RNA sequence: CGGGGCGUGGCGCAGUUUGGCUAGCGCGCCUGCCUUGGGAGCAGGAGGCCGGAGGUUCAAAUCCUCUCGCCCCGACCA
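In our numbering, the protein residues as written are 85 to 654.
Quick look at the structure:
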């Protein structure tokens, strides 16, 4: 490719729309342009990187017996009604109608459509196991798209679906995918750590997320420095706390105190001169429309996922102001467990609280010295709080540490959730009809590229790993007007092309500084600089993007040297 | 959706508070000269209905109303 022809508009300044490095650099290097919020156009260089990642994914998916298909983006509503997700998915689903008024959606994921495909074609255990995958655009009208490719509304995802006859088969499919993922991310130059996760809306029990630790990550990963435990904070288990009688204190008299305008834990603890951990937060939620309350220690946060799981409800949201004033008799900020007529669920940590500060269910008032069982009863204790760095590891005695993570992939054991709902069954050897046992396995392709950049850049630009660089080599003559340089550069360019090396020749009539800056910004792993000085000595200069190392190489050895560098990934 | 901020040539910004004359600056772009190992220099030039619609006014980028879009912080997920 000639640089003069390459459609890669580089920018000297960072567009104001970008916040994190990967997004800024993708815009500046001319890989990407925004079309609408969370929707992007991939320019030639950006697309080449995407394709490289896809190629690696294909090899590894094919390697575990995956067969590639292409499922539709536009999907009929009926299928989604069959699983109930037409309603469950909510506002996040892009919906549309055809001219007859029939309902469709832009697929946010493809469990329904792939299961529907398989139910009509798979009849017998003899056809199993089956592993189908695709690399396809997905559409989710995210509440908050951000950070370029990190969280888009249109994004490229590789998704594989496995169909097995029994748990054992699913287990094999799951771990095959898990190990393939480890290879895929490693080949992309990423260290992606599998962590225990929550399965969210997709359902299922066993699931791992592959996390790339990076400051730009949107998730908090908790990991144990002593054992192998690692989990997404939204999933990380809290440790059950038993009532500890040694902590018991004398129960003081329950007393109402005025707390004007103090409605947050910070305000109350400051006003009453107590610690947040001596307060109990009472959070009113609507679980499938019915009010319930969660009691959490003041310095802790509620984990809504855990709460929802514990309740077994399909929707859970913070109650609105009206509901709160109706159930507590007070405005937001003064709810408390004493006298509340709705079910109360308490986090384990509340077990050992004595003489706590709670809301009085009365405007501008709180109660002090509230005590469990004497002043209020709870329906249940459970692990409801957000686990944080500093909490005990649920597997060993050590203390958990935390780091930000980018979720680049996730593997799920789905079981029969979709096959049952959609009637995707097969006949076992003994003739019994059984739902297919499913797993699903996703990789965010664009997100993976963004993660690679987050982990591989410097002040000059992107530093691509050789495996996914848009081109492996750029040849830069210092001056194209110098006949000898132009000829030598063109010859090298052609020689490299002949042996299948991906190379760009910077044939522009620009000053060398401009060309070097662009080369660094785009991040070609290898640059060959051809200048009059070295040329006269029969040499060319090979510069490695990552290390900035410069090697003066005799002209005849330039091609073999480059080949060797590419072979060992620089 | 709640909170905060921003829309002015391709990009980055000033001007808006306190309306006023041909709407500015840097970068990029075009032409010429010059220059060629880290985003050079000189000269000339093109490009903007100031996000949109209404309104107030002798006069609106600037004030008012409505609207659209974008970014950041919180609830979702690959």
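Ideal Cβ positions, reconstructed from N, Cα and C, are used throughout, including at glycine.
No experiment lies behind these values; they were computed from the predicted model shown.
The continuous alpha helix (DSSP H) containing residue 269 extends over residues 251-271.
By the Cβ criterion, the region 483-501 is in contact with the region 527-534, since at least three pairs of Cβ atoms, one from each stretch, lie closer than 8 Å. Distance from the CA atom of residue 434 to the CA atom of residue 319, rounded to whole angstroms, is 20 Å. For residue 171, there is no enclosing beta strand (DSSP E); the residue is part of the alpha helix (DSSP H) that begins and ends at 169-172. For residue 160, same chain residues with a beta-carbon under 8 Å away, outside a window of 5 residues either side, are 186, 187, 188 in chain order. Bounds of the alpha helix (DSSP H) holding residue 596 are 596-606. In summary, residue 609 is buried, with 16 or more beta-carbon neighbours lying within 10 Å of its beta-carbon over all protein chains present. A straight line joining the alpha-carbon of residue 362 with that of residue 316 spans about 27 Å. The alpha-carbon separation between residue 140 and residue 262 amounts to approximately 15 Å.
Counting along the chain, residue 200 sits inside no beta strand (DSSP E); it lies in the alpha helix (DSSP H) bounded by residues 195-205. If you draw a straight line from the Cα of residue 479 to the Cα of residue 472, it comes to about 15 Å.
Residue environment analysis places residue 513 among the exposed positions, since fewer than 16 neighbouring C-beta atoms fall within 10 angstroms of its C-beta.
Annotated as distal: residue 281 and residue 296, with beta-carbon spacing of 7 Å or more.
By the criterion of a C-beta distance shorter than 6 Å, residue 427 is surrounded in its chain by 376, 463, once the five residues flanking it on both sides are discounted. Cβ-Cβ distances below 7 Å link residue 269 to 276, 294, 492 in the same chain, with the five nearest sequence neighbours on each side left out; the list follows chain order.
Under the three-state reduction of DSSP output, residue 445 falls in the coil class, being neither helix nor strand. In this structure, DSSP gives residue 237 a state outside helix and strand, which the three-state scheme calls coil.
Remark: C-beta atoms of residue 247 and residue 522 approach each other more closely than 7 Å. Look at residue 138 here: in three-state DSSP terms it is helix. Nearest to residue 571 by C-alpha distance, out of 171, 614, 547, is 614.
For residue 119, the uninterrupted beta strand (DSSP E) run begins and ends at 116-120, by DSSP. Cβ-Cβ separation between residue 231 and residue 104: approximately 5 Å, consistent with a contact (criterion under 8 Å). Collapsing the DSSP output to three states places residue 519 in a strand. Closest by C-alpha distance to residue 589, out of 167, 180, 616, 556, is 556. Boundaries of the beta strand (DSSP E) harbouring residue 188: 187-190, taken from the DSSP string. Spatial neighbours of residue 164 in its own chain (CB-CB distance under 7 Å, excluding positions within 5 residues in sequence) are listed in chain order as 170, 189, 196. The distance from the Cβ of residue 236 to that of residue 122 is about 4 Å, consistent with a contact at the 8 Å cut-off. Under the three-pair Cβ rule at 8 Å, the region 352-366 counts as touching the region 440-459.
Here DSSP, grouped into helix, strand and coil, assigns residue 648 to helix.
Distance between residue 251 and residue 312, taken at the CA atoms: about 25 Å. For residue 298, same chain residues with a beta-carbon under 8 Å away, outside a window of 5 residues either side, are 488, 489, 490, 535, 538, 539 in chain order.
For residue 89, no beta strand (DSSP E) segment is defined, and its DSSP state is neither H nor E. For residue 539, there is no enclosing beta strand (DSSP E); the enclosing alpha helix (DSSP H) covers residues 529-539. Under DSSP, the beta-bridge partners assigned to residue 499 are 522. About 7 Å separates the CB atoms of residue 310 and residue 477; that is less than 8 Å, so the two are in contact. A residue is called buried when at least 16 other Cβ atoms come within 10 angstroms of its Cβ; residue 445 meets this threshold and is buried.
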